[in-house]
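**Student:**
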Amino acid sequence: MSGLIQSVRGMNDVLPEETPLWQAVEGTLRGVLEAYGYREIRTPVVERTELFARSIGVVTDIVEKEMYTFTDRNGDSLSLRPEGTAGCVRACLEHGLLRGQSHRLWYAGPMFRHERPQKGRYRQFHQVGVEVFGIPGPDVDAELILMCARMWRELGLEGLRLEINTLGDAEARRRHRADLVAYLRAHEDALDADSRRRLETNPLRILDSKNPDMAAVLAGAPRLIDYLDGEARAHFEGFRALLDEAGVAYEVNPRLVRGLDYYNRTVFEWVTDRLGAQGTVCAGGRYDGLVEQLGGRPTPAVGFAVGLERVVALLEGRREAAAAERAPHAYLVAVGEGPERAALGLAEALRDAVPGLRLAANCGGGSFKAQLKRADRSGARVALLLGEEELAGGRLTVKWLREPDHAQRTVTREEAVALLRALVAGRGSPGAA
RNA sequence: GUGAGCGUAGCUCAGCUGGUAGAGCUCCGGACUGUGGAUCCGGCGGUCGUGGGUUCGAGUCCCAUCGCUCACCCCA
12 MSGLIQSVRG MNDVLPEETP LWQAVEGTLR GVLEAYGYRE IRTPVVERTE
62 LFARSIGVVT DIVEKEMYTF TDRNGDSLSL RPEGTAGCVR ACLEHGLLRG
112 QSHRLWYAGP MFRHERPQKG RYRQFHQVGV EVFGIPGPDV DAELILMCAR
162 MWRELGLEGL RLEINTLGDA EARRRHRADL VAYLRAHEDA LDADSRRRLE
212 TNPLRILDSK NPDMAAVLAG APRLIDYLDG EARAHFEGFR ALLDEAGVAY
262 EVNPRLVRGL DYYNRTVFEW VTDRLGAQGT VCAGGRYDGL VEQLGGRPTP
312 AVGFAVGLER VVALLEGRRE AAAAERAPHA YLVAVGEGPE RAALGLAEAL
362 RDAVPGLRLA ANCGGGSFKA QLKRADRSGA RVALLLGEEE LAGGRLTVKW
412 LREPDHAQRT VTREEAVALL RALVAGRGSP GAA
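Okay, so the first sequence: first residue is 12 according to the numbering used here, each after it adds one.
1) Just how far apart, CA to CA, sit residue 468 and residue 284?
2) From residue 207 to residue 199, what distance separates their C-alpha atoms?
3) Which residues share a DSSP beta bridge with residue 174?
4) Roughly how many angstroms separate the alpha carbons of residue 286 and residue 171, rounded to a whole number?
5) For residue 54, does the three-state DSSP call read helix, strand or coil?
6) Report, in whole angstroms, the separation of the C-beta atoms of residue 105 and residue 330, which I expect to be a contact under 8 Å.
7) Buried or exposed, going by whether 16 or more other CB atoms sit within 10 Å of the CB of residue 185?
8) For the beta strand (DSSP E) containing residue 90, name the first residue and the last one.
9) Please list the segments of the alpha helix (DSSP H) lying wholly inside the segment 263 to 335, counting only runs of 4 or more residues, in order along the chain.
10) Looking only at C-alpha atoms, which of 132, 178, 379 and 336 sits nearest to residue 397?
11) In angstroms, rounded to a whole number, what distance separates the CA positions of residue 449 and residue 74?
12) Please confirm if the segment 51 to 68 is in contact with the segment 32 to 40, defined as three or more CB-CB distances below 8 Å between the two stretches.
13) So residue 51 packs on residue 118, CB below 8 Å; how close in whole Å?
14) When the Cα of residue 168 is compared with those of 282, 401, 424 and 418, which residue comes out closest?
15) In this structure, does DSSP put residue 34 in helix, strand or coil?
16) Residue 410 by DSSP, collapsed to three states: which one?
17) What are the partner residues of residue 423, as DSSP defines its beta bridges?
18) Is DSSP giving residue 122 helix, strand or coil here?
19) Compare the Cα-Cα distances from residue 277 to each of 57, 47 and 300 and report the closest residue.
20) Would the beta-carbon of residue 346 fall within 8 Å of that of residue 428?
21) Got a sec? Which residues, its chain only, sit under 6 Å from residue 271 by beta carbon, not counting five neighbours each side?
22) Given a cut-off of 8 Å, decide if residue 261 and residue 174 are closer than it, judged by their beta-carbon atoms.
23) With H, G and I counted as helix, E and B as strand and the rest as coil, what does DSSP make of residue 359?
24) Use the C-beta contact count for residue 292: other C-beta atoms within 10 angstroms, 16 or more gives buried, fewer gives exposed.
25) Counting pairs of beta carbons, one from the segment 136 to 155 and one from the segment 207 to 224, are three or more of them closer than 8 Å?
26) What residues match up with residue 141 in a beta bridge as DSSP calls it?
27) Quick check on the DSSP output: the alpha helix (DSSP H) that includes residue 96 runs from which residue to which?
28) Whole angstroms is fine: what's the gap from residue 426's alpha carbon to residue 353's?
29) Should residue 90 be labelled buried (16 or more other beta-carbon atoms within 10 Å of its own) or exposed?
30) Would you kindly work out how many angstroms separate the C-alpha atoms of residue 389 and residue 421, rounded to a whole number?
31) Would you report the Cα separation of residue 195 and residue 112, rounded to the nearest angstrom?
32) Grouping DSSP H, G and I as helix and E and B as strand, with all else coil, what is residue 17?
33) Quick one: what does DSSP say residue 342 is sitting in, helix, strand or coil?
34) In this structure, how does DSSP classify residue 69 when only helix, strand and coil are distinguished?
35) DSSP state of residue 396, grouped into three classes?
36) If you compare alpha carbons, which of 107, 382, 183 and 44 is closest to residue 307?
Structural data, given as structure tokens:
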């Protein structure tokens, strides 16, 4: 055990016990995205490092110290993507998708950040993300919120809280940031070490400090909301009105800030208090300036990303149920030389005759007892027994593994096919066997 | 990057003040020549994370190192 090679720190295996829950989550999210007319885009996991530096921001933690960056054989600096938006914008620009038309897109896949792992935070993690290009109004912002709400509903995820805020436009943010830094510098002796460091890196975060000693100073700090111009203000009011109209509950959190530089105007987060320190399950906002910043024409854009590890963690209680939904319908037991030789062919014939059938055929021999044990553990609803007697008579014995009140019966292959069809259709009437 | 807690069988863990490693679950087999999930019996399975030190003797004490977990930071 000590000599074995282990997985890379912070990069986890998802074992077969767990994959059914992941598949259920992914399937549900995909269904919702399609219900809103969003189309999937797939982009590489590796991009030029410069793409992330120019989009996320050079001085952010992500770019400064969390990227997996390496030099390609030809000398280019490449990085594993730490988030999905930059690559998506790059792909759209590269293929001319942003000329005039609007696009509603989604993607899913692994992201990489070299952080210290902890609950809900991993070095390889998975996101489902959405990006909308070319629609400036608050109606899409609201649509994204409604889409999220539907995702939670269909997943059966309860207790998520929606927090929203507006960051205004670039100009307002610049003025506010300058005033804020000046104000905080004037009170620098009242700041703790962390906050002094953040004066350089992320001054907005200082407002979010949990240190009670700084509360008085922070209360007097310039507020971003006072810097908003009329248009940004109207956008936010419009967004809120649409949420109210739709009956979505939310909370305005003026201290809600996004870590990535490119956000402006609407930002939002869906949070839970059931995941320890990493309570954000989904976050997003508007980034109207990013496309231009990456060399395209000015193009309004909004998006969000869902952290799949966090969603799966919240749904952990449904692991068994999800696994049961994907278990085989039937397990084919074959004992004896003749039956064992005939089993694979019979299994093929049954799969041909019953579309959608999930049939596990026993391999590796074993006694009746051993094979039934495997059948039981496979989660199958019925065991199909093929022994010398059945083989000689062209029949199969159907044994119900989950319904103790249904006796096993030996039937013709045609009857077995009919029964399996009913099982697959979900109207399995076990008594009919 | 900083701090704290924890590393004993595939999994969950016991092992008191140092005396030469155990249980439950899983898996395989038997009781039951073609019948699983219950019960009983048996079997497989361990360089006690790794390296060094103290000692007649270290799973136990000391040091280092690696790993895991949680928190800070940051964020999905």
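Built from N, CA and C at the ideal position, the CB exists for glycine as well.
The structure presented is a predicted model; accordingly, all values stated were derived computationally and were not measured.
**Tutor:** Taking the geometry as given:
1) It is not possible to answer for residue 468, since the shown part of the chain is limited to 12 through 444.
2) On the first sequence, position 196 is the one that residue 207 refers to. On the first sequence, position 188 is the one that residue 199 refers to. Cα to Cα, the separation comes out at about 7 Å.
3) The sequence position of residue 174 within the first sequence is 163, counting from 1. Residue 174 is bridged to 262 and 280.
4) The residue given as residue 286 occupies position 275 in the first sequence. The residue given as residue 171 occupies position 160 in the first sequence. If I take the Cα positions, the gap works out to 11 Å.
5) In the first sequence, the residue the question calls residue 54 occupies position 43. Three-state DSSP puts residue 54 in coil, outside helix and strand.
6) In the first sequence, counting from the first residue as 1, residue 105 sits at position 94. In the first sequence, counting from the first residue as 1, residue 330 sits at position 319. Contact flag wrong, Cβ pair sits at about 40 Å.
7) Mapped onto the first sequence, residue 185 falls at position 174. When all chains shown are included, residue 185 counts as exposed.
8) Here residue 90 refers to the residue found at position 79 when the first sequence is read from its first residue. From DSSP, the beta strand (DSSP E) with residue 90 extends over 88 to 91.
9) 301 to 304 and 319 to 325
10) On the first sequence, residue 397 is found 386 positions in, with the first residue counted as 1. Cα-wise, what sits closest to residue 397 is 379.
11) Only positions 12 to 444 of the chain appear in this structure, which leaves residue 449 out of reach.
12) no
13) Sequence index remark: in the first sequence, residue 51 carries index 40 (1-based). Sequence index remark: in the first sequence, residue 118 carries index 107 (1-based). Yes, they are in contact, since the Cβ atoms of residue 51 and residue 118 sit about 7 Å apart, within 8 Å.
14) Numbered from 1 along the first sequence, position 157 holds the residue referred to as residue 168. The shortest Cα separation from residue 168 among 282, 401, 424 and 418 belongs to 282.
15) The residue labelled residue 34 in the question sits at position 23 within the first sequence. DSSP places residue 34 in helix when its eight states are reduced to three.
16) Position 399 of the first sequence, counted from the first residue, corresponds to residue 410. Strand at residue 410.
17) As a position in the first sequence, residue 423 is number 412, starting the count at 1. Paired residue(s): 406.
18) In the first sequence, the residue the question calls residue 122 occupies position 111. Residue 122: strand per DSSP, three-state reduction.
19) Numbered from its first residue, the first sequence carries residue 277 at position 266. When each option's Cα is compared against that of residue 277, the closest is 300.
20) For this step, residue 346 is matched to residue 335 along the first sequence. For this step, residue 428 is matched to residue 417 along the first sequence. Result no, Cβ atoms of residue 346 and residue 428 do not sit closer than 8 Å.
21) Within the first sequence, the letter at position 260 stands for residue 271. Closer than 6 Å at the Cβ level, and outside the excluded window around residue 271, lie 67.
22) Here residue 174 refers to the residue found at position 163 of the first sequence. Here residue 261 refers to the residue found at position 250 of the first sequence. Cβ distance < 8 Å, so residue 174 and residue 261 count as in contact.
23) Residue mapping note: residue 359 aligns to position 348 of the first sequence, counting from 1. In the structure shown, residue 359 sits in a helix (DSSP, three-state: H, G or I).
24) Numbered from its first residue, the first sequence carries residue 292 at position 281. So residue 292 counts as buried.
25) no
26) Within the first sequence, the letter at position 130 stands for residue 141. Per DSSP, 117 and 315.
27) As a position in the first sequence, residue 96 is number 85, starting the count at 1. Residue 96 -> alpha helix (DSSP H) spans 96 to 105.
28) Locating residue 426 in the first sequence gives position 415, counting from the first residue. Locating residue 353 in the first sequence gives position 342, counting from the first residue. If you take the alpha carbons of residue 426 and residue 353, they lie about 19 Å apart.
29) Here the question's residue 90 lines up with position 79 in the first sequence. Buried, by the Cβ-count rule.
30) On the first sequence, residue 389 is found 378 positions in, with the first residue counted as 1. On the first sequence, residue 421 is found 410 positions in, with the first residue counted as 1. When rounded, the distance between both Cα atoms is 22 Å.
31) Reading the first sequence from its first residue, position 184 is the one you call residue 195. Reading the first sequence from its first residue, position 101 is the one you call residue 112. One C-alpha to the other measures close to 44 Å.
32) In the first sequence, residue 17 corresponds to position 6, counting from 1. If DSSP states are grouped into helix, strand and coil, residue 17 belongs with coil.
33) Within the first sequence, numbered from 1, the residue matching residue 342 stands at position 331. Strand at residue 342.
34) The residue you call residue 69 lines up with position 58 of the first sequence. Three-state result, residue 69: coil.
35) Here residue 396 refers to the residue found at position 385 when the first sequence is read from its first residue. Residue state, collapsed to three classes: strand.
36) As a first step, residue 307 is located in the first sequence; it is residue number 296 there, counting from the start. Of 107, 382, 183 and 44, the residue nearest in Cα terms is 107.
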